[in-house]
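Numbering (my numbering), first residue to last: -16 to 405.
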C-alpha cells in the first residue's frame, strides 16, 4: 500500500506497551523539572518577609464598596493579586516596582496565584510598546467598552468587568479573551498568505523540500513572535503549546484529531506548566476541544457545509451542562452563541483589515447596538452526581454512536427545560 497523507493520519500514537512507559517517564521528568524550578523561585521569594521586585500590572479593578483598587500583576515566575487605597490612575500594562509581604504564601498558593499585601514603590517612566498600542486602539473608539473589546482581541488586554458581564449574556466570553480560537484564525490567515507567496518559489527553486512543513514552521515562528510580543500571556502560551504539539504529531504522521493525542497534549502541558491544573480557562478549553473531537468523529461523513454549521450548535449544546454546573447561570441570549461564533470567523480578520486601513471604528455602531441588548440571567445549580453521569455518557459516546445522539438529545432537552422553567 502506498504511503500517503491519509495513511499517515491514521498511524497510532503508541504501538507498544513500552511506548506508554517511555511517555510516562518523560512526563515524570518534565513535571519534576517544572516543579523543582517553581519551588526554587518560591524559595527565592520567601527568603525575606518583604520582597521587592518588578512586575507588570495585568489588570486593575475599582472595588465599588470600598475605596480600594484591586490589581492583578505578573512577574517572570508567578502571578498575584493585591489592593491599595492609593490614588493611582491607569497602571494597566505598566511595569512597577512592588514590595510584597510573603509570610502567608504557601507553595500551592504560589503556583495557583495568590493574594498578598503589597506596596507600590515606583512606576516605570516609559510605557511599553504594547501599552501604547492599546491606548491608540482606545482612542480610535468613542465607547470605552468597544475599545476594550478590540484591545482584548488584538493585544490581550484584560476584559473589563462591565464588558465581561455583557458578553456573558451571549455566552461569548471565549471569543473576546484572545486564546487558541484566535490563534487558530491567525494561523489560518498566515498559512494561506505564506502558501500564496511560497508556492511559486517552491516549485521553481525548492521542489525537493516539503512545502507543507516549511509553511507550517514559518507560521509557528510568526505566531511565537506574536505570543512573545504579548508577553507570553498564559492563555496564548498554552494555545501555542497545543499548536506546537499538534504540528509535531502531524509531522510525525500521527493521528492528530484523536482523543489519545488530546490526552497526550493535556498531560504534556500540565507537566510543563503545573499552574494550568488550577486554571478554569484551561479546563474549559480542553472540554471544548474534547466535544469538538467527539462531534468530528461521529459526523465525519457529513457534508462540510452542514458540519460547519452544526458543529457550532452541537459544541454549544454539549457545553451547556458544564456552564450551568460551574457558573450556575444561563440566559436566553446565550442561545445566540452559535450564530455569533460563526459570524466571528468573518468579523475577526475583517476587523484586523479595517484597523490596518485606519477604519477600525466602522463597525462600532453595530457592536454598541449588540452590547446594549439586555437578557435576564437566571441562576441554578446542578447536583454533582448529574455531571458525573454526564461525563460517563460523554466517554461512552466515543465508542457508541447511538449513545452520542442520546447524550446530545439529553443536553438539548436539559437546555430547553431549563429555559422554560425560568
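All C-beta atoms in this analysis are idealised placements derived from N, C-alpha and C, irrespective of residue type, glycine included.
message: Check for me: the alpha helix (DSSP H) holding residue 71 runs from which residue to which?
response: Run containing residue 71: none; DSSP gives neither H nor E here.
- prompt: Skipping 5 residues on each side, what residues in its chain have a beta carbon closer than 7 Å to that of residue 380?
  reply: 277, 386, 387 and 390
query: residue -10: buried (16+ other C-beta within 10 angstroms of its C-beta) or exposed?
result: Any answer about residue -10 is weak, because its pLDDT of 36 lies below 50 and its placement is not dependable; what the coordinates show is given next. Classification for residue -10: exposed.
- request: Within its chain, find whatever has a CB closer than 7 Å to the CB of residue 242; leave out the 5 residues flanking it on each side and keep chain order.
  value: 276 and 381
query: Among 232, 87 and 207, which has the Cα closest to the Cα of residue 220?
result: 207
task: List the DSSP bridge partners of residue 34.
output: 83
field: Three-way DSSP call (helix, strand, coil) for residue 221 in this model
entry: helix
- prompt: What number of angstroms, rounded off, separates the C-alpha of residue 77 from the C-alpha of residue 201?
  reply: 31 Å
task: Take residue 73 as the anchor and find which of 36, 117, 175 and 63 has the nearest alpha-carbon.
output: 117
message: Less than 9 Å between the beta carbons of residue 254 and residue 274, yes or no?
response: no
- prompt: By DSSP, does residue 6 sit in helix, in strand, or in coil?
  reply: helix
query: Mind checking whether residue 198 and residue 178 have CB atoms under 9 Å apart?
result: yes
field: Continuous alpha helix (DSSP H) stretch holding residue 248: start and end
entry: 242 to 255
- request: Below 6 Å CB to CB, which residues in the same chain sit around residue 365 once its five sequence neighbours on both sides are set aside?
  value: 307 and 308
- prompt: Within this structure, are the beta carbons of residue 124 and residue 137 separated by less than 9 Å?
  reply: no
task: Provide the residue span of the alpha helix (DSSP H) that contains residue 115, from first to last.
output: 112 to 123
- prompt: Residue range of the alpha helix (DSSP H) that residue 351 falls in?
  reply: 347 to 354
task: Spatial neighbours of residue 147 within its chain, please: CB distance less than 7 Å, with the 5 preceding and 5 following residues excluded, ordered by chain position.
output: 156
task: For the beta strand (DSSP E) holding residue 191, just list the boundary residues, first then last.
output: Looking at the DSSP string, residue 191 is not in any beta strand (DSSP E), and its letter there is neither H nor E.
task: Report the rounded CA-to-CA distance for residue 21 versus residue 265, giving the unit in angstroms.
output: 19 Å
task: Specify, as a first and last residue, the run of the beta strand (DSSP E) that residue 127 falls within.
output: Here residue 127 belongs to no beta strand (DSSP E); instead the alpha helix (DSSP H) covers 127 to 138.
- prompt: Do residue 71 and residue 38 have their CB atoms nearer than 9 Å?
  reply: no
query: Does the Cβ of residue 0 have 16 or more other Cβ atoms within 10 Å, making it buried, or fewer, making it exposed?
result: exposed
Short Cβ contact (9 Å threshold) for residue 65 with residue 46: no
- prompt: DSSP puts residue 43 in a beta bridge; with which residues?
  reply: 54
message: Restricting to Cα atoms, I'd like to know which of 361, 96 and 88 is closest to residue 217.
response: 96
Three-way DSSP call (helix, strand, coil) for residue 390 in this model: helix
message: residue 301 and residue 392 - do their beta-carbons sit closer together than 9 Å?
response: no
query: Would you call residue 161 buried or exposed, if buried means 16 or more other Cβ atoms sit within 10 Å of its Cβ?
result: buried
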